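Residue numbers (the working numbering), protein chains in the order written: chain X, 2 to 350; chain B, 2 to 350.
These notes concern the structure reproduced below.
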Ligand SMILES: Cc1ncc(COP(=O)(O)O)c(C=O)c1O
Ligand SMILES: Cc1ncc(COP(=O)(O)O)c(C=O)c1O
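Laid out in structure tokens, this is it:
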């Protein structure tokens with residue numbers, strides 16, 4: 002790894018107290034280029050502009066993907082990263098499907114660690130704050146023809162972020178627009194999945210909702226995800242989340258929560274299985290739908306207070322000491338190093 | 002329109018005799034920026050690099066789309082562009098679905114004309130050669146958060162291209178991977194649709210095919226498109242092509258061919274209707290499948306010689322004076338100004 006340090010840190014101009022998500026970037030970035038069929042030596046260097054011609058492949062053909070995770074101060078004052086090897090694996094899952102080269106997983110984890118170490122002044126110290134790490138990769142050949150890029154750039158930038166507060170989360174069951182289909186790219190974090198989702202999300206906003214709940218491409222009957230989070234339901238004392246498929250992003254938070262729930266007595270039963278919109282609505286009407294929440298890196302757990310379905314709003318409790326909050330607490334304890342890390346989830350700097 | 006001319010043309014270094022598609026670019030490009038909710042004054046300026054930070058929105062969230070069309074010398078020595086207003090409309094159709102701002106259609110057409118005029122030395126004179134025009138648009142804000150870009154860049158670059166020769170075209174009916182779904186972005190020319198297709202195309206290549214025939218997302222029973230072309234079948238003396246939907250790109254070549262076929266006696270019947278793979282295979286077995294061809298800007302008409310389906314290769318005639326070639330001839334006559342342009346398709350410089 003080549004390391005070129007910035008002359009003078011920009012940290013004194015940064016706002017680590019009230020950071021706006023994804024708008025300030027730390028002093029350094031990691032860049033690694035793929036050329037002639039192989040990855041060159043990665044370089045950590047000053048964050049700054051890149052120069053491309055308008056023929057940049059990804060602008061036309063969208064071979065682009067990303068990851069997202071956080072580095073933060075644990076209770077004992079070390080900086081930790083949560084399960085970074087899972088992001089490395091998922092990046093490569095996305096890469097394969099997008100016909101992009103895989104990036105060495107150990108280099109991914111090691112690169113993140115070195116980069117955070119160099120910019121450790123950028124890791125906010127306030128509780129709930131963190132340094133958001135954004136690895137991404139894109140086709141960087143400069144030609145305009147509908148065939149795969151030959152060159153790629155893997156890059157990591159970092160941005161200090163505050164605690165996630167979404168306010169009241171009202172979601173609408175989306176029955177018109179589709180995020181992904183069997184055989185498609187829905188299980189990847191390719192850029193196009195996000196650009197393709199903005200329209201439906203905006204429609205939902207205009208109707209007074211915060212987000213959509215995506216349903217299956219065939220009949221819009223099955224629940225898939227909510228916005229950019231996986232989604233879980235507690236019906237009676239059973240936790241239910243849709244199974245993974247090539248239509249759903251395999252969330253690392255989802256995986257961690259499933260592991261925790263199977264290992265604790267927070268809920269009685271844990272089910273990964275297809276769940277129909279009608280089952281959720283019936284449970285809401287019967288009063289057995291206890292809680293609904295999104296699962297993702299940003300909020301860890303995000304309680305949903307309303308599900309809108311065909312014009313009717315179904316209210317859901319968002320208790321401060323219910324299932325969602327118990328899960329969040331248990332996960333946070335591991336993340337902060339306050340509970341036994343028996344799954345070896347934390348990678349410390 | 003602001004115009005800044007290049008100091009010295011690069012035309013003397015260009016190869017207009019044997020151009021490689023999309024690798025050489027003409028002297029100028031058109032750039033127009035969208036900021037604070039409106040398009041700024043467009044500028045024609047020297048083709049050259051753009052500088053972005055790694056937080057460039059489109060690298061992460063894929064709001065990116067493009068168009069493709071050609072300018073070429075007509076028989077009377079004027080330079081013509083084929084139905085550019087259709088590309089302008091389609092760009093805006095894509096833009097809406099990708100939650101991007103629409104670009105004024107008259108400015109699109111006028112911009113192309115002015116740009117080609119300035120770089121007219123780049124329009125190859127050889128028959129079958131042309132200047133490929135590539136309008137495209139992408140989200141250009143520089144933040145990393147999963148919400149729509151606030152700024153956008155519309156750009157047009159141009160590349161001299163030779164006649165399209167694909168060799169023998171063998172297509173494989175794709176029953177595993179999916180290009181698009183109802184409610185998705187399949188009817189747009191968003192970048193992600195292309196990046197998402199490379200993997201399946203490569204699989205088909207490895208099995209000895211040139212391209213895939215995409216089938217519907219639900220059951221892989223209905224024929225959709227072939228690679229980046231719309232597809233037509235002649236069964237008996239009937240031309241059949243799948244109807245437009247939100248899963249299929251509305252090809253301008255397809256539209257033009259439908260218009261021509263309905264207005265001439267090249268085929269007896271013209272049908273836009275869902276067509277099942279099994280219908281095509283049955284016709285191939287019965288000997289009534291006369292011809293199959295792709296329709297698109299690149300090749301106009303591209304004859305398909307083989308359809309691979311579940312391990313069996315069905316051979317199809319590719320006659321030099323059959324339906325496909327009659328259609329190509331009729332369309333080419335209009336494009337070259339040799340036949341009456343009764344639909345007003347040609348825009349001359
Ligand atoms: C579409 C989608 N689903 C789910 C998730 C949750 O994944 P994770 O828990 O790994 O953050 C994300 C965010 O990464 C996402 O973008
Ligand atoms: C997916 C797809 N289908 C069909 C077409 C054919 O469209 P057109 O005839 O406008 O070139 C294209 C090419 O633009 C395409 O990319």
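We put the CB at the ideal spot given by N, CA and C, even for glycine.
Since this is a predicted model, take the numbers as computed values, not measurements.
Remark: three or more beta-carbon pairs, one from each stretch, lie closer than 8 angstroms, so the stretch 58-72 of chain X and the stretch 129-140 of chain X are flagged as touching. For residue 242 of chain B, no chain X residue has a Cβ inside 8 angstroms of its Cβ, as the nearest lies near 21 angstroms away. For the pair residue 136 of chain B and residue 110 of chain B, the CB atoms are not nearer than the 8 angstroms cut-off. As the crow flies, the alpha-carbon of residue 54 of chain X is around 47 angstroms from that of residue 277 of chain X. Closer than 7 angstroms at the C-beta level to chain X, one finds these residues of the stretch 58-82 of chain B: 59, 60, 61, 62, 63, 64, 65, 67. Counting of Cβ neighbours within 10 angstroms places residue 311 of chain B among the exposed residues, the total staying below 16. Per DSSP, the continuous beta strand (DSSP E) segment holding residue 154 of chain B begins and ends at 153-162. Taken through DSSP and simplified to helix, strand or coil, residue 253 of chain X comes out as helix. Interface residue (Cβ-Cβ distance to chain X less than 8 angstroms): residue 218 of chain B is classified as such. Under the three-state reduction of DSSP, residue 7 of chain X is assigned to coil, being neither helix nor strand.
Residues of chain X whose Cβ lies closer than 8 angstroms to the Cβ of residue 195 of chain B are, in chain order, 61, 62, 63, 147. Beyond the five residues adjoining it in sequence on each side, residue 340 of chain X comes within less than 6 angstroms, by CB distance, of 334 in the same chain, given in chain order. In this structure, residue 202 of chain B has its CB at a distance of at least 7 angstroms from all heavy atoms of ligand 2. Under the DSSP definition of a beta bridge, residue 115 of chain B lacks any partner. Here residue 264 of chain X carries a helix assignment [DSSP, helix/strand/coil]. Positions of the alpha helix (DSSP H) runs, each at least 4 residues long and wholly inside the stretch 52-76 of chain B, are given as 58-62 in order along the chain.
Going by DSSP, residue 221 of chain X is part of no beta strand (DSSP E) at all; its letter is neither H nor E. DSSP, read as helix, strand or coil, puts residue 12 of chain X in helix. Among the CB atoms of chain B, one or more fall inside 8 angstroms of the CB of residue 135 of chain X.
The closest CA to that of residue 19 of chain X, considering only X:269, X:350, X:205, X:126, is found on X:126. Here residue 2 of chain X is exposed. Its C-beta has fewer than 16 other C-beta atoms within 10 Å. In chain order, 46, 48, 156, 157, 158 place their CB closer than 7 angstroms to the CB of residue 30 of chain B, counting only its own chain and leaving out the 5 sequence neighbours on each side. A check of alpha carbon separations from residue 233 of chain B across B:178, B:28, B:291, B:6 identifies B:291 as the nearest. The stretch 287-305 of chain B makes contact with the stretch 325-333 of chain B, as at least three CB pairs between them are under 8 angstroms.
The Cβ neighbour count for residue 36 of chain B, taken over all protein chains shown within 10 Å, is under 16; the residue is labelled exposed.
Sorting X:177, X:183, X:228, X:170 by C-alpha distance to the C-alpha of residue 196 of chain X places X:228 at the top. Assignment of residue 92 of chain X by DSSP, reduced to helix, strand and coil, places it in the helix class.
Chain X has a Cβ within less than 8 angstroms of the Cβ of residue 186 of chain B. Between ligand 1 and the CB of residue 93 of chain X, the shortest heavy atom gap is not smaller than 7 angstroms. In this chain, the alpha helix (DSSP H) harbouring residue 281 of chain X covers 278-287. Here residue 14 of chain X is exposed: its Cβ has fewer than 16 other Cβ atoms, across all protein chains shown, within 10 Å. Cβ contact annotation for residue 255 of chain B (same chain, cutoff 6 angstroms, sequence separation greater than five): 231, 296, in chain order.
At least one beta carbon of chain B lies nearer than 8 angstroms to the beta carbon of residue 49 of chain X.
When rounded, the separation of the alpha-carbon atoms in residue 41 of chain X and residue 34 of chain X is 6 angstroms.
Sorting B:253, B:309, B:97 by C-alpha distance to the C-alpha of residue 347 of chain B places B:253 at the top.
The residue among B:32, B:50, B:201 with its C-alpha nearest the C-alpha of residue 43 of chain B is B:32.
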